[in-house]
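Undergrad: Dropping a structure here in structure tokens format, bear with me for questions.
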Amino acid sequence: MGKDECKTMLDALNKVTACYRHLVITLGSTSDSQNLREELKKTRKKAQELATANRTKLTALLKDKSISKDDRTEYERLWVLFSSSMELLDVDMKRSLEIGQDFPLKVPTRHLIQTGMTGSTTTVAARAMSVQNMKYEADSNIDTADLKELETEITQVGQMMEEMEMKVQVAPWAVEAKQEAGAELKSTLENVAGGGEGSAIPSAVLYASLTPGLLGALQQPPLPQHCPER
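Per UniProt numbering, the very first residue in the sequence shown carries number 1; after that it's consecutive.
Written out as structure tokens, the structure is:
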């Protein structure tokens, strides 16, 4: 029961951190807006809540001397996955702060990304937050007021990661993977190519989990077999 609960909690954290990364990518673009800034705030706070719950649960289990060797091995594997999610969240929060400082909403400027398209990220955020509709309640100055709060939260996440290393010492290189190298990425690409059918992972999360290079490769139209004659 403990392992299933931990996996469910970790899946929820991974889902929200993937959504947060997806939202951060749109900062400074033509899709940037006050609603996006509020979605970022709500999503990162949800991620921190889930991170605290995961840390508390896994720390207690790994400190339990009565668990079997097999259970400890599995909890250590989940701990490494959890640590990786925390590192990604930390990186994306810092990236969000930097872009938010460089591209405030109320200052006319060129967009960081000129896609020529605009659109809402509401569906992605609502799915990650497990709600039907996002409620927007932020003040018009959220892009500046929230940056100070974000700085504080970045410090808190950094402190949490340091405490994790001190309380539970699990060497990542000593944990054996359950899949072959690249198996998860291969599965992700197959789901994206096939429209994500039959997968329990939302397509937005699959999309957000890809690297920018792979995203570019998927989004580019196929090149012609021969160059057209001039």
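Every residue, glycine too, gets a C-beta built ideally from N, C-alpha and C. Source: prediction; values computed, not measured.
1) Tell me the rounded alpha-carbon separation between Arg77 and Glu176.
2) Within this structure, are the beta carbons of Ser31 and Met164 separated by less than 9 Å?
3) Starting from Leu89 and walking both ways along the alpha helix (DSSP H), at which residues does that stretch end?
4) Does the structure place the region 57-72 close enough to the region 32-48 that three or more beta carbon pairs sit under 8 Å?
5) Using the Cα positions of Asp11 and Asn35, report the straight-line distance between them to the nearest angstrom.
6) Please go through the same chain and pick out, in chain order, the residues whose beta-carbon is closer than 6 Å to the beta-carbon of Leu88, but skip the five residues on each side of it.
7) What does the Cβ neighbour count give for Asp70, buried or exposed, with the cut at 16 atoms within 10 Å?
8) Is Met166 buried or exposed, if buried means 16 or more other CB atoms sit within 10 Å of its CB?
9) Does Ser85 pass the burial test, meaning 16 or more other C-beta atoms within 10 Å, or should it be called exposed?
10) Note down, in chain order, each residue of its chain lying with its Cβ closer than 7 Å to the Cβ of Leu81, except the 5 sequence neighbours on either side.
11) In the structure shown, what three-state DSSP assignment does Ile201 receive?
12) Taking the alpha helix (DSSP H) that Asn35 belongs to, which residues open and close that run?
13) Have a look at Glu5, Leu27, Val157 and Gly2 and flag the residue whose alpha-carbon is nearest the alpha-carbon of Ile99.
14) Assuming Thr144 and Pro104 form a contact by the criterion Cβ under 8 Å, report the distance between their Cβ atoms to the nearest whole angstrom.
15) Is Leu105 helix, strand or coil by DSSP?
16) If you draw a straight line from the C-alpha of Leu40 to the C-alpha of Met93, how long is it?
17) Mapping the DSSP letters down to three states, classify Ala171 as helix, strand or coil.
18) Assuming Ile154 contacts Leu97 (C-beta within less than 8 Å), just tell me the rounded distance between them.
19) Near Val170, what residues of its chain come up, given a Cβ to Cβ distance below 7 Å and the 5 sequence neighbours on each side ignored?
20) Take Gly158 as the anchor and find which of Tyr20, Arg72, Val91 and Cys6 has the nearest alpha-carbon.
21) Using the Cβ count rule (16 or more neighbours within 10 Å means buried), how would you classify Asp146?
22) Looking only at its chain, what residues have a beta carbon closer than 6 Å to the beta carbon of Ala200, apart from the 5 residues adjacent to it on each side?
23) Quick one: using the 10 Å Cβ neighbour count with 16 as the cut-off for buried, is Glu5 buried or exposed?
TA: Judging by the given coordinates:
1) 7 Å
2) no
3) Lys69 to Asp102
4) no
5) 26 Å
6) Thr17
7) exposed
8) exposed
9) buried
10) Leu10
11) Interpretation of Ile201 is limited by its pLDDT of 42, a score under 50 that renders its predicted location unreliable; no figure is taken from the coordinates.
12) Gln34 to Leu62
13) Leu27
14) 6 Å
15) coil
16) 9 Å
17) coil
18) 7 Å
19) Glu76, Trp79 and Val80
20) Val91
21) buried
22) Any reading at Ala200 must be qualified, since the residue scores a pLDDT of 41, below 50, and its modelled position is unreliable; the value itself is stated next. Excluding residues within five positions, none has a Cβ falling inside 6 Å.
23) exposed
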